[in-house]
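In the numbering used here, the protein residues as written are 92 to 434.
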């Protein structure tokens with residue numbers, strides 16, 4: 092009897108242990124999934140807010156740049172000062188922030204996707220290359236992660252970017268002081284009514300072609316600068332703790348390196364951005380030039396106005412991109428560290 096009872100107890104204990112071992116991985120997996128979802132949500136919110144802060148701060152420069160690109164000012168020289176005065180004369184101070192509402196509606200989801208998906212892609216490349224978390228990822232993979240994140244964001248938010256381009260790229264009518272487009276929803280509805288739904292994706296090809304190198308160069312430059320100028324020089328010890336000290340960053344460092352990345356990305360991708368804006372504006376009232384796609388736009392623009400046309404407004408773009416990217420990266424790092432500390 093005692094032997095039978097002992098055997099029963101052993102079997103029960105074994106069964107309980109087996110159930111516990113089976114349940115433990117499931118519980119751990121659920122906890123890890125919940126933590127991953129929480130981290131992703133936090134990063135998306137931080138990225139969206141950082142993008143909104145940066146875009147609002149630099150919207151006046153963005154407006155002047157777009158008018159210079161699209162040639163909507165009577166003076167073809169389109170100097171910064173003359174465009175600034177034209178906006179103030181025709182639309183007042185609020186004209187400097189024309190299209191900012193559409194900007195924020197577009198930029199929040201765009202930067203939320205960019206920063207969060209960039210982290211996901213970097214994690215993927217870490218696993219592929221067997222790079223530990225305490226080591227900096229090679230800047231080549233930082234470039235690829237940023238570029239892929241830019242493509243993801245473009246696919247999601249392009250119609251909003253199109254509407255912003257239509258709003259910001261037109262000066263108010265001086266005779267009536269009324270705008271053709273009265274906000275993002277009105278722009279979308281008017282475009283669909285007059286030109287069809289697919290018109291909302293005019294210029295999407297150069298946008299996709301530009302998104303990969305643009306975001307890739309920004310994130311790649313930041314990654315390269317962080318590797319060239321580590322935060323701590325006490326990394327001669329090869330242990331993990333000293334290595335981790337070299338991978339930490341601060342909002343100020345992110346601002347400096349982000350500004351550098353923004354300038355580099357803006358310079359190298361500016362001609363593509365000009366073509367994108369010209370394609371977006373064709374078909375809108377007051378424009379007469381029609382293009383049969385990306386290549387035709389490049390050919391016509393080069394034939395009519397030469398190479399300088401592709402770089403019209405590049406100076407103001409450089410001035411705009413440095414603070415925009417700096418504030419964006421610095422704000423994201425600050426908000427991310429804040430959320431990790433208090434949330």
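From the three backbone atoms N, C-alpha and C, an ideal C-beta is built for every residue, glycine too.
Distance between residue j and residue i (C-alpha atoms, nearest Å)
{"i": "residue 396", "j": "residue 373", "result": "17 Å"}
{"i": "residue 321", "j": "residue 427", "result": "20 Å"}
{"i": "residue 172", "j": "residue 216", "result": "46 Å"}
{"i": "residue 284", "j": "residue 369", "result": "20 Å"}
{"i": "residue 143", "j": "residue 346", "result": "15 Å"}
{"i": "residue 257", "j": "residue 388", "result": "17 Å"}
{"i": "residue 344", "j": "residue 309", "result": "14 Å"}
{"i": "residue 422", "j": "residue 392", "result": "38 Å"}
{"i": "residue 424", "j": "residue 354", "result": "19 Å"}
{"i": "residue 221", "j": "residue 307", "result": "21 Å"}
{"i": "residue 315", "j": "residue 233", "result": "8 Å"}
{"i": "residue 218", "j": "residue 137", "result": "25 Å"}
{"i": "residue 119", "j": "residue 434", "result": "21 Å"}
{"i": "residue 282", "j": "residue 296", "result": "19 Å"}
{"i": "residue 286", "j": "residue 225", "result": "52 Å"}
{"i": "residue 462", "j": "residue 255", "result": "Outside the shown range of the chain (92 to 434) lies residue 462, about which nothing can therefore be said."}
{"i": "residue 152", "j": "residue 174", "result": "10 Å"}
{"i": "residue 230", "j": "residue 236", "result": "10 Å"}
{"i": "residue 398", "j": "residue 340", "result": "40 Å"}
{"i": "residue 280", "j": "residue 356", "result": "33 Å"}
{"i": "residue 128", "j": "residue 298", "result": "29 Å"}
Residue i versus the options, residue with shortest Cα-Cα distance
{"i": "residue 385", "options": "293, 429 and 314", "result": "293"}
{"i": "residue 274", "options": "285, 286, 259 and 368", "result": "259"}
{"i": "residue 313", "options": "147, 133, 419 and 181", "result": "419"}
{"i": "residue 238", "options": "210, 223 and 225", "result": "210"}
{"i": "residue 195", "options": "206, 180, 251 and 303", "result": "251"}
{"i": "residue 303", "options": "406, 201, 242 and 407", "result": "242"}
{"i": "residue 185", "options": "362, 150 and 356", "result": "150"}
{"i": "residue 407", "options": "358, 366, 433 and 417", "result": "358"}
{"i": "residue 390", "options": "119, 362 and 433", "result": "362"}
{"i": "residue 228", "options": "319, 193 and 139", "result": "319"}
{"i": "residue 416", "options": "398, 382, 342 and 364", "result": "342"}
{"i": "residue 352", "options": "394, 404, 413 and 200", "result": "413"}
{"i": "residue 383", "options": "129, 290, 223 and 212", "result": "290"}
{"i": "residue 444", "options": "403, 340, 356 and 394", "result": "The structure shown does not extend to residue 444, since the chain is modelled only from 92 through 434, so no value can be given for it."}
{"i": "residue 139", "options": "130, 170, 206 and 148", "result": "206"}
{"i": "residue 276", "options": "193, 240, 201 and 317", "result": "193"}
Residue i - containing alpha helix (DSSP H), residue span
{"i": "residue 345", "result": "342–372"}
{"i": "residue 231", "result": "230–259"}
{"i": "residue 226", "result": "Neither: residue 226 is in no alpha helix (DSSP H) and is coded neither H nor E."}
{"i": "residue 422", "result": "405–433"}
{"i": "residue 180", "result": "171–182"}
{"i": "residue 393", "result": "385–396"}
{"i": "residue 222", "result": "No alpha helix (DSSP H) holds residue 222; DSSP gives it neither H nor E."}
Exposure of residue i, with buried meaning 16 or more beta-carbon neighbours within 10 Å
{"i": "residue 380", "result": "exposed"}
{"i": "residue 349", "result": "buried"}
{"i": "residue 181", "result": "exposed"}
{"i": "residue 431", "result": "exposed"}
{"i": "residue 158", "result": "buried"}
{"i": "residue 125", "result": "exposed"}
{"i": "residue 246", "result": "exposed"}
{"i": "residue 249", "result": "buried"}
{"i": "residue 191", "result": "buried"}
{"i": "residue 198", "result": "buried"}
{"i": "residue 483", "result": "Summary: the structure shown does not reach residue 483, with the chain confined to residues 92 through 434, and so no result is reported for it."}
{"i": "residue 155", "result": "buried"}
{"i": "residue 213", "result": "buried"}
Checklist entry - Taking only runs of the alpha helix (DSSP H) that begin and end inside the stretch 267–309, which ones reach a length of at least 4 residues, in chain order? => result 275–286
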